[in-house]
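*Asks:* So that we are looking at the same thing, I have put the structure below in structure tokens.
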Amino acid sequence: MDERVSSGARSRRPAPLPARVALAVAAVVVALLLAACEAPGRTATDDRGPVPAPPGPSPYGVVFLGPGDCSSRGPVIREVFCRSEKAAATVLARHLGTPSSGPPCPDATDFVLHVSETGTGARSRLTTGYACMRNLEPPHPGDPGQGGGPLTVVGDCVTASRAGEVTETACADAGGRAPRYRVESAVRRRAQCPDDTDLFVSLRGEKPVGCARRSTGW
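Quick note on numbering: the sequence shown equals residues 22 to 239 in my numbering.
Below, the structure is given as structure tokens:
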């Protein structure tokens, strides 16, 4: 009786798989694992790695006082957030060299800052240069006829001296006795100015000659 029970128990135990069958099962398992690893989208994500988050706003750009940056006001100029209450002016353009030798600033420039970065902490190759600045709020002395700014542009008024020099003045200023001239147009050569031109004014840019006429009624 005991022997039959023991013998019956042995008959229910699964027989070991043949070697070839075991290898086939292992191959199937490996194939399934490889297929799972090659599922669409998985490989691209793994190769690409985590997507870096976009850089957050910073008060300092790659270039100190680069185009679009803002500066504070005062004896010590600093780069600040343009939305900061300390922001006073924005950079229209940034160039190497000096204003007299480098590219001209845009016509809307209110003032020019001479910029110099020295030492190991300098954050850009623009170590020496100038920034063309415009005030975030009025007044804008660089606008035509306002009598200020680093450039003389069409619409500005000037007074001339006997030495052949001109001084920009506000067109609305009624004071002074010196004759005033308004720059009516800009051309490449003097010969292109209108016949009624009274004064030639040196400008900068592609049209370096200003054609000015004497203003009356002041």
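Ideal Cβ positions, reconstructed from N, Cα and C, are used throughout, including at glycine.
Output needed for Pro205: all residues of its chain with C-beta closer than 6 Å, excluding positions within five of it in sequence on either side, in chain order.
*Replies:* Here residue 205 refers to the residue found at position 184 of the sequence shown. Per the sequence shown, residue 205 should be read as Glu rather than Pro. So the qualifying residues of the chain are Cys232, Arg234.
*Asks:* Using 9 Å as the threshold, is the C-beta distance between Leu172 and Gly166 below it?
*Replies:* As a position in the sequence shown, residue 172 is number 151, starting the count at 1. As a position in the sequence shown, residue 166 is number 145, starting the count at 1. Taking 9 Å as the Cβ cut-off, Leu172 and Gly166 do not qualify as a contacting pair.
*Asks:* Is Met154 closer than 9 Å to Ala110 when the C-beta atoms are compared?
*Replies:* Stepping through the sequence shown from its first residue, residue 110 is reached at position 89. Stepping through the sequence shown from its first residue, residue 154 is reached at position 133. Yes, the pair counts as a contact, with Cβ atoms nearer than the cut-off.
*Asks:* Could you spell out the range, first to last residue, of the beta strand (DSSP E) harbouring His116?
*Replies:* Your numbering for residue 116 matches position 95 in the sequence shown. 110 to 117 is the extent of the beta strand (DSSP E) around His116.
*Asks:* Only counting the same chain, and skipping five residues up and downstream in sequence, which positions put a Cβ closer than 8 Å to that of Pro88?
*Replies:* Residue mapping note: residue 88 aligns to position 67 of the sequence shown, counting from 1. Around Pro88: Val112, Leu113, Ala114, Arg115.
*Asks:* If you measure between the beta carbons of Ser122 and Ala108, is that distance less than 9 Å?
*Replies:* As a position in the sequence shown, residue 122 is number 101, starting the count at 1. As a position in the sequence shown, residue 108 is number 87, starting the count at 1. It is not a contact, given that the beta carbons lie outside the stated cut-off.
*Asks:* Can you list, in chain order, the residues of its chain with a C-beta nearer than 8 Å to that of Val101? Leave out the 5 residues immediately preceding and following it.
*Replies:* Counting from one through the sequence shown, the residue named residue 101 turns up at place 80. Contacts found: Pro80, Cys91, Ser92, Ser93, Lys107, Ala108.
*Asks:* Am I right that Arg201 and Thr190 are in contact with their C-beta atoms under 8 Å? What's the rounded C-beta distance?
*Replies:* Walking along the sequence shown from the start, residue 201 turns up at place 180. Walking along the sequence shown from the start, residue 190 turns up at place 169. Yes, they are in contact, since the Cβ atoms of Arg201 and Thr190 sit about 7 Å apart, within 8 Å.
*Asks:* So, helix, strand or coil for Arg209, using DSSP?
*Replies:* One-based indexing of the sequence shown puts residue 209 at position 188. Reduced to three states, the DSSP call for Arg209 is coil.
*Asks:* For the beta strand (DSSP E) containing Ser182, name the first residue and the last one.
*Replies:* As a position in the sequence shown, residue 182 is number 161, starting the count at 1. Counting along the chain, Ser182 falls outside any beta strand (DSSP E), and DSSP gives it neither H nor E.
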